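Participant:
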Amino acid sequence: MTSIRLSKPTQQYALIVGHGRSGTNWLLDILNASSQTFCRNEPNEVYDSPCKQLAPLWQVDENMLDMDEHWDKIAAWMGSRMGERDHRITSPKNYVHPLSQKLGVAYFPARPKIRAALRTVLPPMRAGEWEMPWWVGEQAKLNQTYTILKINQAARIAVWLLKNRPQVPVIHIVRHPGGRLNSWLNRFLALQDETYIAQRNRDRLREVLTISPEWCEHFGNIDTMPIAESEMWFWRYVTENIHRAGEGASQYQILLYENLAQDPIGVAQQIYKFCGLQWTDHVENLISQGTRKSVWGRIQGTPATVAKEWRKKLKSEEVDSVSQVLTGSPMENWWKG
923 MTSIRLSKPT QQYALIVGHG RSGTNWLLDI LNASSQTFCR NEPNEVYDSP
973 CKQLAPLWQV DENMLDMDEH WDKIAAWMGS RMGERDHRIT SPKNYVHPLS
1023 QKLGVAYFPA RPKIRAALRT VLPPMRAGEW EMPWWVGEQA KLNQTYTILK
1073 INQAARIAVW LLKNRPQVPV IHIVRHPGGR LNSWLNRFLA LQDETYIAQR
1123 NRDRLREVLT ISPEWCEHFG NIDTMPIAES EMWFWRYVTE NIHRAGEGAS
1173 QYQILLYENL AQDPIGVAQQ IYKFCGLQWT DHVENLISQG TRKSVWGRIQ
1223 GTPATVAKEW RKKLKSEEVD SVSQVLTGSP MENWWKG
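Residue numbers for the sequence shown follow the numbering used here, so the first one is 923 and each next one is one higher.
Pasting the structure below:
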């Protein structure tokens, strides 16, 4: 774990937070189209991340003293380092040498095989995060660039920022829990040891009760809870905590995944305005090209009809779990149209 000293004022940054990768990755790609941004993908997940000084990022409690002590230094660190999970730099950036961009050299740190080779001759790149190599761009300019931090399920960070750092935009993307569950079952659980994940989910909900015992009235019997339901209750805990902290705050932008899927350009313009970034024809063209190539593409139908598609793909008991978890939550009516 890296020891950090805050050697400069924390640069401007924004947080993208959500529960799954489909929406948050899309938002990161949209904001990466700007020459004004430095986009970090899940920097908390690198093996030596300074985020390991914090409590689990999904946990929310009254006295988040770890955030008080460490977060500003962590944010400054993330804003001045590249990392092994970051996406490729695919558009011109203010801090990247034009020749490096043209020759494709700027992509090298994001390509696993090339990065592995570079680590044999460049010791600083053996860490999970490193200062930008001189042959990619100018570190001094990077240090002053608007950083976008994409961190999933980071209720602890989001809630703390909303309470303590009103100048930091928090972009919260939420997918209908039915669609989220369908994706989780097929893209994640199908590749895992289901017995292990079921136990992990139960243990996680028990941890929720140790810090937020009022959730006991929602959960019921955790020991007999189906795995899909346990995943949905965790979704609600994280999503509800972030939204309750942000509701009505000018620094908080809630986005529905289904709205983004239906109108990528319209939502992208909204996000750029929210973050104070310039919207140009070049940015719009880059985002439009990305949408055409995207696995998401444009979705036909209204967000309300799109949000119901999951019903055709889940088992009846899974549909019941989704309905049960949504009932009585602040999110209950978000997809009704």
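Idealized CB from N, CA, C, for every residue including glycine. Since this is a predicted model, take the numbers as computed values, not measurements.
Using only CA atoms, which one of 1125, 957, 1110, 1183 lies nearest to residue 1063?
Facilitator: With distances taken between Cα atoms, residue 1063 lies closest to 957.
Participant: Compare the beta carbon distance of residue 1248 and residue 1104 with 8 Å and say whether it is the shorter of the two.
Facilitator: No.
Participant: Could you check the C-alpha separation between residue 1093 and residue 943 for me, to the nearest Å?
Facilitator: Taking the straight line from one Cα to the other gives about 14 Å.
Participant: Compare the Cα-Cα distances from residue 1085 to each of 1189, 1196, 1102, 1169 and report the closest residue.
Facilitator: Of the candidates 1189, 1196, 1102, 1169, the one whose C-alpha sits nearest the C-alpha of residue 1085 is 1169.
Participant: For residue 968, tell me which candidate among 1140, 940, 1091, 1007 has the shortest Cα-Cα distance.
Facilitator: Of the listed residues, the one whose Cα sits closest to residue 968 is 1007.
Participant: Looking at the structure shown, is residue 941 part of a helix, part of a strand, or coil, going by DSSP?
Facilitator: Three-state DSSP puts residue 941 in coil, outside helix and strand.
Participant: Which runs of the beta strand (DSSP E) at least 3 residues long sit entirely within the segment 1034 to 1078? Give them in chain order.
Facilitator: For the segment 1034 to 1078, whole beta strand (DSSP E) runs of length 3 or above, ordered along the chain, are 1068 to 1072.
Participant: Any idea what DSSP makes of residue 1250, helix, strand or coil?
Facilitator: Looking at residue 1250 - three-state DSSP - the assignment turns out to be coil, as it is neither helix nor strand.
Participant: Could you say which of 1038, 1017, 1190 lies nearest to residue 950 if we only look at CA atoms?
Facilitator: Out of 1038, 1017, 1190, 1190 has the C-alpha closest to the C-alpha of residue 950.
Participant: Please go through the same chain and pick out, in chain order, the residues whose beta-carbon is closer than 7 Å to the beta-carbon of residue 931, but skip the five residues on each side of it.
Facilitator: Residue placement at residue 931 cannot be trusted, given a pLDDT of 48 that sits under 50; what the coordinates show is reported in the next sentence. No residues qualify anywhere along the chain.
Participant: Is the separation between the beta-carbon of residue 907 and that of residue 1124 shorter than 8 Å?
Facilitator: There is simply no residue 907 to check, as the chain begins at 923 and stops at 1259 in what is shown.
Participant: Please specify which runs of the alpha helix (DSSP H), each continuous and at least 4 residues long, are wholly inside the segment 944 to 980, giving them in chain order.
Facilitator: DSSP runs (the alpha helix (DSSP H)) wholly in the segment 944 to 980: none.
Participant: Let me confirm a value: residue 1073 is counted as buried when at least 16 other C-beta atoms fall within 10 Å, else exposed. Which label applies?
Facilitator: Residue 1073 is buried by the Cβ-count criterion.
Participant: For the beta strand (DSSP E) containing residue 1174, name the first residue and the last one.
Facilitator: Run containing residue 1174: 1174 to 1178, per the beta strand (DSSP E) assignment.
Participant: Helix, strand or coil for residue 1000 per DSSP?
Facilitator: Helix.
Participant: Return helix, strand or coil for residue 982, following the three-state DSSP convention.
Facilitator: Looking at residue 982 - three-state DSSP - the assignment turns out to be coil, as it is neither helix nor strand.
Participant: Could you tell me if residue 945 is buried or exposed, where buried requires 16 or more neighbouring beta carbons within 10 angstroms of its beta carbon?
Facilitator: The residue in question, residue 945, is buried, as its Cβ has 16 or more Cβ neighbours within 10 Å.
Participant: Pick from 1016, 1164, 975, 1113: whose alpha carbon is nearest that of residue 1060?
Facilitator: The option with the nearest alpha carbon to residue 1060 is 1016.
Participant: Taking all protein chains shown into account, decide if residue 1172 is buried (16 or more other Cβ within 10 angstroms of its Cβ) or exposed.
Facilitator: Under this definition residue 1172 is an exposed residue.
Participant: Looking at the unbroken alpha helix (DSSP H) that takes in residue 1095, where does it start and where does it end?
Facilitator: Residue 1095 -> not in any alpha helix (DSSP H); beta strand (DSSP E) instead, spanning 1092 to 1096.
Participant: Whole beta strand (DSSP E) runs in the segment 1118 to 1169 with 3 or more residues, listed along the chain?
Facilitator: Runs found: none.
Participant: Helix, strand or coil: which one does DSSP assign to residue 1005?
Facilitator: Of the three classes helix, strand and coil, the one that applies to residue 1005 here is strand, per DSSP.
Participant: Just the Cα atoms here: how many angstroms apart are residue 1149 and residue 1120?
Facilitator: If you take the alpha carbons of residue 1149 and residue 1120, they lie about 5 Å apart.
Participant: Where does residue 1215 sit, in a helix, a strand or coil, going by DSSP?
Facilitator: Annotation note: pLDDT 49 at residue 1215 (below 50); position unreliable, coordinate value reported separately. Three-state DSSP puts residue 1215 in a helix.
Participant: Please confirm whether residue 936 and residue 1079 have their CB atoms less than 8 Å apart.
Facilitator: No, these two residues do not count as a Cβ contact at 8 Å.
Participant: Rounded to whole angstroms, what's the CA-CA distance from residue 1142 to residue 1245? Just pull it up for me.
Facilitator: Taking the straight line from one Cα to the other gives about 15 Å.
Participant: Where does residue 935 fall in DSSP's three states?
Facilitator: Strand.
Participant: Spatial neighbours of residue 1010 within its chain, please: C-beta separation below 6 Å, excluding the five flanking residues on both sides.
Facilitator: Closer than 6 Å at Cβ, skipping near neighbours: 1029, 1032.
Participant: Along the chain, where does the alpha helix (DSSP H) containing residue 1017 start, and where does it finish?
Facilitator: Unbroken run through residue 1017: none, as it is neither H nor E.
Participant: Evaluate residue 1056 with the Cβ neighbour count: other Cβ atoms within 10 Å of its Cβ, from every protein chain shown; 16 or more gives buried, anything less gives exposed.
Facilitator: With fewer than 16 Cβ atoms within 10 Å of its Cβ, residue 1056 is classed as exposed.
Participant: Below 6 Å CB to CB, which residues in the same chain sit around residue 1001 once its five sequence neighbours on both sides are set aside?
Facilitator: 933, 935, 1069.
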